[in-house]
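Colleague:
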Amino acid sequence: AKVAYLTNDHLGSPRILTDANGSVISRRDFHPFGEEIGTLAVAPGSPQPRTAALGYQSDSVRQKFTGYERDIEADLDYAQARMYAYNLGRFNSPDPVRMLKARIAEPQHWNLYVYGRNNPVVMVDVAGEFPYTFYVRSFAPPGAFSRSGFHDDGRGFSTDTSSETTSRIQQKVTIDPAIQSVRDYQVTSSPTVWKGIIQAVETPTGYVTEYAFHVQNEFSIARVKTEYSGQNAIIKRIPFIGNAITPAIDVQATIVIAENTKIGQVVVSVNITGDRFPATEAFISDQKGNKVFIVGANAYGNPWNGLPGNPRLPVASASILINIDNEGNFTGVVYKGKKYSVDDWNKYALSTEVQIEDRENQRCNCLQ
Numbered sequence: 004a005k006v007a008y009l010t011n012d013h014l015g016s017p018r019i020l021t022d023a024n025g026s027v028i029s030r031r032d033f034h035p036f037g038e039e040i041g042t043l044a045v046a047p048g049s050p051q052p053r054t055a056a057l058g059y060q061s062d063s064v065r066q067k068f069t070g071y072e073r074d075i076e077a078d079l080d081y082a083q084a085r086m087y088a089y090n091l092g093r094f095n096s097p098d099p100v101r102m103l104k105a106r107i108a109e110p111q112h113w114n115l116y117v118y119g120r121n122n123p124v125v126m127v128d129v130a131g132e133f134p135y136t137f138y139v140r141s142f143a144p145p146g147a148f149s150r151s152g153f154h155d156d157g158r159g160f161s162t163d164t165s166s167e168t169t170s171r172i173q174q175k176v177t178i179d180p181a182i183q184s185v186r187d188y189q190v191t192s193s194p195t196v197w198k199g200i201i202q203a204v205e206t207p208t209g210y211v212t213e214y215a216f217h218v219q220n221e222f223s224i225a226r227v228k229t230e231y232s233g234q235n236a237i238i239k240r241i242p243f244i245g246n247a248i249t250p251a252i253d254v255q256a257t258i259v260i261a262e263n264t265k266i267g268q269v270v271v272s273v274n275i276t277g278d279r280f281p282a283t284e285a286f287i288s289d290q291k292g293n294k295v296f297i298v299g300a301n302a303y304g305n306p307w308n309g310l311p312g313n314p315r316l317p318v319a320s321a322s323i324l325i326n327i328d329n330e331g332n333f334t335g336v337v338y339k340g341k342k343y344s345v346d347d348w349n350k351y352a353l354s355t356e357v358q359i360e361d362r363e364n365q366r367c368n369c370l371q
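Count along the sequence shown from 1, then add 3; that gives the number in the numbering used here.
(1) Assuming contact is defined by CB atoms lying nearer than 8 angstroms, are T2 and K265 in contact in what I supplied?
(2) Among K294, V270, Q202 and A321, which residue has its Cα nearest to the Cα of A261?
(3) Buried or exposed: where does R106 fall if 16 or more other Cβ atoms within 10 Å of its Cβ makes it buried?
(4) If we ignore side chains and look at the alpha-carbon of each, how far apart do L9 and V117 end up?
(5) For M86 and V64, what's the separation of their Cα atoms in angstroms?
(6) Report, in whole angstroms, the separation of the C-beta atoms of W197 and I237, which I expect to be a contact under 8 angstroms.
(7) Considering only residues of the region 166 to 244, which uninterrupted beta strand (DSSP E) runs meet the minimum length of 3 residues and lie entirely inside it, listed in chain order?
(8) Please confirm whether T258 and V227 have their CB atoms less than 8 angstroms apart.
(9) By the 10 Å Cβ neighbour count, where 16 or more other Cβ atoms means buried, how is S380 classified, buried or exposed?
(10) For A300, write down the residues that DSSP places opposite it in a beta bridge.
(11) For E330 and P134, what's the separation of their Cα atoms in angstroms?
(12) DSSP three-state call for P250: helix, strand or coil?
(13) Return the Cβ separation of V337 and N301 in integer angstroms, given the expectation that the two are a contact with Cβ distance under 8 angstroms.
(14) When the Cα atoms are used, what is the spatial distance from V211 to E284?
Okay, structure coming up:
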């Protein structure tokens with residue numbers, strides 16, 4: 004077998020095929036949305052724009068525009084999440100990752116078939132979708148409601164998302180920095196139970212309050228701000244006075260994710276503010292369900308001295324680097340220059356036992 008080399012342009016499109024000696028085997032150029040420029044004259048008698056003498060001829064390379072592999076039978080390019088019609092400059096199915104809300108200033112967000120936000124000279128839809136889901140949770144560790152009769156969540160820090168792992172409030176949001184989308188924002192609460200007799204479920208409120216996207220040094224970067232609030236579902240239902248006397252858990256989170264698929268890295272930063280009671284945790288999941296714990300914070304005080312008002316105190320912050328494969332799935336973590344497998348990192352990060360501390364000892368739990 005002969006050795007050949009592809010030289011790609013800034014979008015990842017193969018432009019020159021060379022042999023082991025560096026001699027050109029073939030060349031190709033593309034129109035802005037990916038249709039290959041042929042060697043036929045534009046009009047009879049006019050000069051040919053591309054000629055075989057210059058190397059513009061057919062070859063066996065199946066990688067086409069931005070490196071997509073061409074399906075010869077369908078005459079479509081395989082973009083992993085969906086197929087791309089290069090001759091139309093559009094995908095042939097709607098984007099499975101949607102914006103939480105489209106911005107009027109950027110109407111290309113509304114078009115679910117558009118390629119690269121209709122700016123193919125600069126932007127690349129590398130794989131159709133590499134979504135990452137972030138969880139921020141407030142939970143009551145053992146003893147958090149001591150002598151009150153209310154059941155706590157009976158657990159420490161965790162990345163488990165099954166129904167057996169409860170939280171006072173759980174926030175979930177999916178972010179894809181490459182295609183600049185925020186979707187599937189959910190905020191839920193596990194049942195509040197008093198002495199095993201009375202049970203009620205709170206309907207917490209929550210919002211994505213701000214989001215922004217940009218590209219820097221080949222990293223697609225998303226910055227998303229969220230907040231949630233919820234009360235004790237049983238006390239809240241006391242007639243006339245319940246809502247007024249029940250303090251709320253108030254938490255705000257700023258999430259920053261920077262993704263570089265070329266080098267297989269995702270840098271994640273989470274900063275949590277709000278109430279320091281009960282305990283708080285944050286983690287991230289890839290599209291296969293692999294989870295990486297980011298940061299956790301102890302519980303300080305109790306519901307009566309730790310929740311009134313909305314002080315927006317520093318609660319927890321952390322930044323970690325996650326390695327990903329070519330499908331956007333987590334393969335490892337790098338922290339302080341040390342490499343961990345995903346399992347080893349979670350064992351290390353989750354090894355700290357959550358504490359209930361006096362309100363006077365409260366501080367920000369920050370990974371440095």
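C-beta atoms are modelled at their ideal positions from N, C-alpha and C, and glycine is treated no differently.
Modeller: Based on what the coordinates show:
(1) A query on residue 2 cannot be resolved here, the shown segment of the chain reaching from 4 to 371 and no further.
(2) Cα-wise, what sits closest to A261 is V270.
(3) At R106 the pLDDT is 48, less than 50, meaning the model places this residue with poor confidence; the figure from the coordinates comes in the next sentence. Per the 10 Å Cβ criterion, exposed.
(4) When rounded, the distance between both Cα atoms is 28 angstroms.
(5) When rounded, the distance between both Cα atoms is 18 angstroms.
(6) Confirmed, Cβ separation roughly 5 angstroms.
(7) DSSP runs (the beta strand (DSSP E)) wholly in the region 166 to 244: 172 to 179, 184 to 191, 195 to 197, 201 to 203, 208 to 219 and 222 to 234.
(8) Checking the sequence shown, residue 258 turns out to be Ile, not Thr. Using a Cβ distance threshold of 8 angstroms, I258 and V227 count as a contacting pair.
(9) The first residue shown for the chain is 4 and the last is 371, placing residue 380 beyond what the model contains.
(10) The partner list for A300 (beta bridge, DSSP) reads T283.
(11) Answer to the nearest angstrom: the Cα atoms are 10 angstroms apart.
(12) DSSP, reduced to helix, strand and coil, places P250 outside both helices and strands of the structure shown, so it counts as coil.
(13) Not a contact, Cβ separation roughly 26 angstroms.
(14) Distance between the alpha carbons of V211 and E284 is about 18 angstroms.
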